[in-house]
Amino acid sequence: MWALFGLASALFLGIYDIFKKQSVNNNAVMPVLFFSTVASTLLFSPLIILSFKSPDLLANTGLYVPKLSTFEHLQVLLKSAIVVSSWVFAFFALKHLPITIVAPIRATGPLWTLIGALIIFHERLNVYQWIGIVITLLFFYLFSTAGRLEGINFKRNKWIYYIVAGTLLGACSGLYDKFILQRIDRVAVQAWFSVYQVVILLPFVLLNEKIRKRKNITFEWRWTIPLIGLFLVIADYLYFYALSNEDALISVISALRRGSVLVAFVVGGVLFKEQNLKKKGAYLAGILTGILLITLGTVL
1 MWALFGLASA
11 LFLGIYDIFK
21 KQSVNNNAVM
31 PVLFFSTVAS
41 TLLFSPLIIL
51 SFKSPDLLAN
61 TGLYVPKLST
71 FEHLQVLLKS
81 AIVVSSWVFA
91 FFALKHLPIT
101 IVAPIRATGP
111 LWTLIGALII
121 FHERLNVYQW
131 IGIVITLLFF
141 YLFSTAGRLE
151 GINFKRNKWI
161 YYIVAGTLLG
171 ACSGLYDKFI
181 LQRIDRVAVQ
191 AWFSVYQVVI
201 LLPFVLLNEK
211 IRKRKNITFE
221 WRWTIPLIGL
231 FLVIADYLYF
241 YALSNEDALI
251 SVISALRRGS
261 VLVAFVVGGV
271 LFKEQNLKKK
281 GAYLAGILTG
291 ILLITLGTVL
């Protein structure tokens, strides 16, 4: 059953990426990011209030938000800062790059998480994981050659650096999640994270409004914007729920979650009529093979 929740999480995460691309295309990025996070905050705010006012109503429902200490709030605030930074880079990159370029780069996240774990937690890699790293890096290089066919030079295009920065920050968030979720309730982390992301973004959005108006960058409301927040909340909730199962294998769930890139790549590629899908698809398959070896290497 936990594997089904992992697959469902991947499906919602893939659709979430498509909604992001649809929302930022020819649109102001910061307002899109802000209103999408507000949507997720609106979902969790009633749960936080009910958990405080009438805790018995949510007891044993999987939706109860326990109280946190000041230090625990600061830990969640730090997670929010890391994730919001990752999103800012990723949203800007997604506006200016094809989704069939962005999605495979984001898929390399577990590689950087593994390298971080190697450095920070002194984890040792087995043969499968080393092979996975080599395969991932090889196909990532080949993938950069596919980008050149569309006039995207991986060395000179600043939006490539943006998506790489977003991916690296996402990997940092993954490492931090490993630490924080061992100490703080998963629902509390997700609920208060949804609140703090708005708090962090608000001053930057207000500052960006002056720049946006000066540069005459228009913002257009689209109903895919709140759906970004909704689908991310559902994807994360299903992911954390799967992990909470005693029999669940985190390596398998993580591998299943990588399936989201296939949804974003295939559906997004067709929907946005992007180029060189066969070549990029072949290189993506190589990247995912490497990521699969890295992920499953923890249990092999």
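Note that the UniProt record's numbering has the sequence shown beginning at 1, numbered continuously upward.
Ideal placement from N, C-alpha and C gives every residue a C-beta, glycine not left out.
Here Val24 is near Lys95, since their CB atoms are less than 8 Å apart.
Only buried fits Leu227, as 16 or more other CB atoms lie within 10 angstroms of its CB. Gly229 is classed as buried because its beta carbon has at least 16 other beta carbons within 10 Å across all chains shown.
Check the Cα spacing between Pro104 and each of Val29, Ile120 and Leu137: the tightest is with Leu137.
No residue range can be given for His122, since it is assigned to no alpha helix (DSSP H) and is classified by DSSP as neither H nor E. Between the stretch 2 to 19 and the stretch 230 to 243 there are three or more C-beta pairs closer than 8 Å, enough to call the two in contact. In the structure shown, Tyr64 adopts coil according to DSSP, grouped into three states.
Distance from the Cα of Thr167 is smallest, within the candidate group Ile82, Arg214 and Gln197, for Ile82. Within a 10 Å sphere around the beta-carbon of Asn208 sit 16 or more other beta-carbons, which makes this residue buried. When secondary structure is reduced to three states using DSSP, Leu175 falls in the helix class. Restricting attention to Ile18, Trp2 and Leu7, the CA atom closest to the CA of Gly268 is found in Ile18. Within the same chain, and ignoring the five residues on either side of Thr41 in sequence, the residues whose Cβ sits closer than 7 Å to its Cβ are Ser194, Val195 and Val198.
The stretch 277 to 291 makes contact with the stretch 256 to 264; the number of CB pairs closer than 8 Å reaches 3 or more. 8 Å or more divides the Cβ of Ala242 from the Cβ of Val65. Within the UniProt domain "EamA" (2 to 144), the complete alpha helix (DSSP H) segments of 4 residues or longer fall at 2 to 24, 29 to 53, 55 to 58, 70 to 96, 99 to 107 and 109 to 120, listed in chain order. Below 8 Å, too few C-beta pairs join the stretch 71 to 79 and the stretch 106 to 124 to call them touching: fewer than three. Taken atom to atom, the span from the alpha-carbon of Asn216 to that of Val29 is near 13 Å. If you ignore the 5 residues before and after Pro98, its C-beta comes within less than 6 Å of the C-beta of Glu274, all in its own chain and listed in chain order.
The beta-carbon separation of Gln129 and Leu293, rounded to 7 Å, stays under the 8 Å limit for a contact. The C-beta distance from Leu175 to Ile120 rounds to 6 Å, short enough to meet the 8 Å contact threshold.
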